[in-house]
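S.K.: After the C-alpha cells below, expect a handful of questions from me.
Protein chains in written order, with the working numbering: chain A, 1 to 309; chain B, 1001 to 1309.
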C-alpha cells in the first residue's frame, strides 16, 4: 500500500483549524506561534511486547501512545496543541488501522490536540508520538523546584495499571477497572494546568512512584519521607496489598500517568478547589525534607521501578 | 542500564542556550517562541534493514536520521532549531552509542540545531527524530504552489545514493563518493532558505524524483514534462546509465535528499546567485504544464519509486 493512500485514508481526519497553517501531507507542518508563551515538546515511543502486551487492541495502543505524551505535557502544566505520529508496523492491516485511527481521533478531540504530520514505516510494531504545547512564559512546572517543608501529593490512585499488568503476566484476568487504567490511562492535563503557580515541582508517574519522585528529589537537591499507608489505592489493590503487605506494585509499578507534585504550605489551601475542578482526588503522601534521599515509612520490601534497559 | 545514566552519558552534550529554557531531562523541553514566525515541525523514522542495511555504522545512522529531518525543513524553507530523539535499540552498546552520539553532535553543530529531549526504549533498532524549526510567517515553500510555465529544478546530482544501495545489495563495492551520498546525505537547508520568495513549490527527494515531483504536481493540480538527459548525474552514474540507458535509479531511487523545486520565469535570474551562495549546482530538468501528470521524455523503462509498504 502506498504511504500516501494510507495517510489519506486513516490520518487526515484532523482538519486544518486554529493556528495550523499547513497540516498533514507536506514535508513539514506549519503552525502560528503565540507571543508571551513558551513552547513545550516531548517524544515517547511505545514498543509492542515492551510497553504493551502483543495482544493489546489497536484502540488501546493508540489511546496509550497519545495519552503518555499528553501526560508529559500535563506534568509541565502545558496546554497540548499539536502532535506528529511515527507509526511502524509489519503490514497494512485495515481493521487494525481503522480501530487505531478512530481511538486516536477520539482522544485528540477530547484533549483538543491536532495531528499535524507523521511518518509510516514497515517494521515491528512501534508507535512514536512527538507532542508540542504552549505554556505561559516562565510558568512551567519543573522537577527542580521542591523545597524543604513542601507537601508531596499524588492524583487519584496509584498502582492499578501495574496490578493489571501483573495479573495479565500471571495469566490471571484483571478486573476491568484495573485493565482500563493500564490500557486507557487518562492524562491529568487539567490538573497540570491548575497546578501552575501552585505546585513547586511536578512529574508524571510513568516508571513507578518511587523512581519518579526520586527524580524530583535529585533535580531539587532535597530528600523526602513518604508513608505507604497514605498512598491512595483502589479498593481492589488495597485488598491485594492487605494480604501480605507487599507495596512493590504501588511503589515501583509504572504506567499510572497520575501526577506526583510538591506544594508549599501557603498554597495547600488551593488543592481542594483544584481537586473539585478536575474531578480527581488529591492526596498528601509525605513531605520534602533536607536530604537523605527518599525514606519510605511502612514498606517491608524495597522493589525496583521500571528500567528502560 | 538506567535510562537516565544513558541520557546523561550520551545525550547531554547539548547545552542550554539561546531560546531554550529547559532541555533534556524533564518531562518536556521548553523553548521561547518568536513572534512573526511560524513553527515548522516534522518527524521521520529510520528502521534497521529497511532504511539502512543492518551493517551500517552507528555514525552513519545518526547522521542520516538527523539529515532526513533537516531535509524536510529544508524543503519548507525553514530554519531548523530543535529536535527530540526517540531511540529504540536491542541493548546498550557503549561503542555504538559513543559513535552515534558523536556523529549526531557533529551534524547538530554544523546546522545549529539543538537536541532538547528524547526517549530511549528496548527493541529492534529504530531511530525517530522529530524536528522543530521557524520560518517567517506566510513564507513556507509548499508543494502546492507550482504554476504552468514554471521551470522544474533539482539541486546537485540525482541517483548516487540509490546507485550505492543497488551495488551493496548486489554484493558489489560502491565507490566512496556514492556510499557517502547514501550514508551521509547533506540536507540543503541553506538552499531551502534561499528559495523562500523565489520558488513556487519545493520538495526534498527522499522516495525518488518521479514520485516526489508527482507530489508537487498533485498538490499544485498541474502536469509536467521532464527530460531524462537533463537530469544531473555524477560521472560514475552517467557511465552506468550510459551502458544500457536504464534511468530507474535516477528516476525512482530515493535517499538523495536533494531539493526538487519549481520557479516562475521572473525569478529564474536569481538561481545562479543562489547556486553560488550555497555551493551547490542547480539544474533545470523540465517545465510545469497544464495537466496530464508527469511526462518523462527519453526514459526507456518506467520504474517504481520507494513504497513504504
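All C-beta atoms in this analysis are idealised placements derived from N, C-alpha and C, irrespective of residue type, glycine included.
Quick check: what's the CA-CA separation for residue 287 of chain A versus residue 149 of chain A?
M.R.: Approximately 6 Å, taken between the alpha carbons.
S.K.: Between B:1226, B:1284, B:1238 and B:1279, which has its C-alpha nearest residue 1265 of chain B's C-alpha?
M.R.: For residue 1265 of chain B, the nearest C-alpha among the options comes from B:1284.
S.K.: Report the residues of the segment 1028-1045 of chain B with a CB closer than 7 Å to any CB of chain A, ordered along the chain.
M.R.: Cβ contacts with chain A come from 1028, 1029, 1030, 1031, 1032, 1033, 1034, 1035, 1037, 1038, 1039, 1040, 1041, 1042, 1043, 1044 and 1045.
S.K.: For the beta strand (DSSP E) containing residue 1032 of chain B, list its first residue and its last residue.
M.R.: It spans 1029-1032 - the beta strand (DSSP E) in which residue 1032 of chain B sits, taken as one unbroken run.
S.K.: Might you give, ordered along the chain, the residues of its own chain that have their beta carbon closer than 7 Å to the beta carbon of residue 1021 of chain B, omitting 5 neighbours on each side?
M.R.: If we look at residue 1021 of chain B and ignore the five residues flanking it on each side, its Cβ neighbours are 1030, 1031 and 1032.
S.K.: Going along the segment 1153-1175 of chain B in order, which residues come within less than 8 Å of chain A, judged by CB to CB distance?
M.R.: Listed by position, the residues of the segment 1153-1175 of chain B near chain A (Cβ gap below 8 Å) amount to none.
S.K.: On the three-state DSSP scale, how would you describe residue 1312 of chain B?
M.R.: This structure cannot settle anything about residue 1312 of chain B, because the visible part of chain B is limited to 1001 through 1309.
S.K.: Leaving aside the five residues before and after residue 291 of chain A along the sequence, list all residues of the same chain whose C-beta is less than 6 Å from its C-beta, in chain order.
M.R.: Correct list, in chain order: 223.
S.K.: Considering residue 40 of chain A, what are the terminal residues of the beta strand (DSSP E) in which it resides?
M.R.: Note, residue 40 of chain A: beta strand (DSSP E), 37-47.
S.K.: List the endpoints of the continuous beta strand (DSSP E) containing residue 1179 of chain B.
M.R.: First-last for residue 1179 of chain B: 1176-1183, but that is the alpha helix (DSSP H), not the beta strand (DSSP E).
S.K.: Which residue from B:1138, B:1134, B:1176 and B:1070 puts its Cα closest to that of residue 1109 of chain B?
M.R.: Looking at the Cα atoms, B:1070 is the closest of the given residues.
S.K.: Can you name, in chain order, every residue of its own chain whose Cβ lies under 6 Å from the Cβ of residue 311 of chain A, other than the five neighbours on each side?
M.R.: Residue 311 of chain A is absent from the structure shown; chain A starts at 1 and stops at 309.
S.K.: Can you list the alpha helix (DSSP H) stretches of 4 or more residues lying completely in the segment 231-278 of chain A, in chain order?
M.R.: Entirely contained in the segment 231-278 of chain A, the alpha helix (DSSP H) runs reaching 4 residues are, in chain order, 235-244, 248-252 and 271-278.
S.K.: Is residue 1211 of chain B helix, strand or coil by DSSP?
M.R.: Looking at residue 1211 of chain B - three-state DSSP - the assignment turns out to be helix.
S.K.: Against chain B, does residue 261 of chain A count as a neighbour if the rule is that its beta carbon must be under 8 Å from one of theirs?
M.R.: Output row for residue 261 of chain A: interface = no.
S.K.: For residue 1275 of chain B, return the contacting residues in chain A, with the cut-off set at a CB-CB distance below 7 Å.
M.R.: By Cβ distance, chain A contributes nothing, its closest Cβ being about 21 Å from residue 1275 of chain B, past 7 Å.
S.K.: Are the CB atoms of residue 41 of chain A and residue 1116 of chain B within a distance shorter than 8 Å?
M.R.: Cβ distance < 8 Å, so residue 1116 of chain B and residue 41 of chain A count as in contact.
S.K.: Using a threshold of 8 Å, state whether the C-beta atoms of residue 1140 of chain B and residue 1103 of chain B are closer than that.
M.R.: Result no, Cβ atoms of residue 1140 of chain B and residue 1103 of chain B do not sit closer than 8 Å.
S.K.: Cβ closer than 8 Å: which chain B residues qualify as neighbours of residue 122 of chain A?
M.R.: The contacting residues are 1047, 1050, 1308 and 1309.
S.K.: Taking the beta strand (DSSP E) that residue 191 of chain A belongs to, which residues open and close that run?
M.R.: Premise fails: residue 191 of chain A lies in the alpha helix (DSSP H), 189-195, not in any beta strand (DSSP E).
S.K.: When the cut-off is 8 Å and only beta carbons count, does residue 198 of chain A lie next to chain B?
M.R.: No, no contact with chain B.
S.K.: What residue range does the beta strand (DSSP E) around residue 136 of chain A cover?
M.R.: 126-136 is the extent of the beta strand (DSSP E) around residue 136 of chain A.
S.K.: Going by C-alpha distance, which of A:168, A:76 and A:154 is nearest residue 256 of chain A?
M.R.: Comparing Cα positions, the closest option is A:154.
S.K.: Under a three-way DSSP split, which group does residue 141 of chain A fall into?
M.R.: The answer is coil: DSSP assigns residue 141 of chain A none of H, G, I, E or B.
S.K.: So, are the CB atoms of residue 1248 of chain B and residue 1146 of chain B less than 8 Å apart?
M.R.: Not a contact, by the Cβ cut-off of 8 Å.
S.K.: Only counting the same chain, and skipping five residues up and downstream in sequence, which positions put a Cβ closer than 8 Å to that of residue 6 of chain A?
M.R.: Correct list, in chain order: 92, 97 and 120.
S.K.: Distance cutoff 8 Å, beta carbons only. Does residue 1002 of chain B sit that close to anything in chain A?
M.R.: Cβ-Cβ to chain A under 8 Å: yes for residue 1002 of chain B.
S.K.: To the nearest angstrom, report how far apart residue 1282 of chain B and residue 1138 of chain B are at their CA atoms.
M.R.: Rounded to whole angstroms, residue 1282 of chain B to residue 1138 of chain B spans 25 Å at the Cα level.
S.K.: Since residue 989 of chain B contacts residue 1074 of chain B with CB under 8 Å, what's their CB separation in whole angstroms?
M.R.: The requested residue 989 of chain B is not part of the displayed model; chain B covers only 1001 to 1309.
S.K.: Between which two residues does the alpha helix (DSSP H) holding residue 162 of chain A run?
M.R.: That run of the alpha helix (DSSP H) goes 160-169.
S.K.: Give me the Cα-Cα distance between residue 1239 of chain B and residue 1245 of chain B, rounded to the nearest whole angstrom.
M.R.: Cα-Cα distance, rounded: 10 Å.
S.K.: Quick one: grab the DSSP three-state call for residue 1012 of chain B.
M.R.: Looking at residue 1012 of chain B - three-state DSSP - the assignment turns out to be coil, as it is neither helix nor strand.
S.K.: Please check if any C-beta of chain A sits within less than 8 Å of the C-beta of residue 1194 of chain B.
M.R.: No, residue 1194 of chain B lies away from the interface with chain A (no Cβ there is under 8 Å from its Cβ).
S.K.: Beta-carbon of residue 1075 of chain B versus every beta-carbon of chain A: anything under 8 Å?
M.R.: By this cut-off, residue 1075 of chain B is an interface position.
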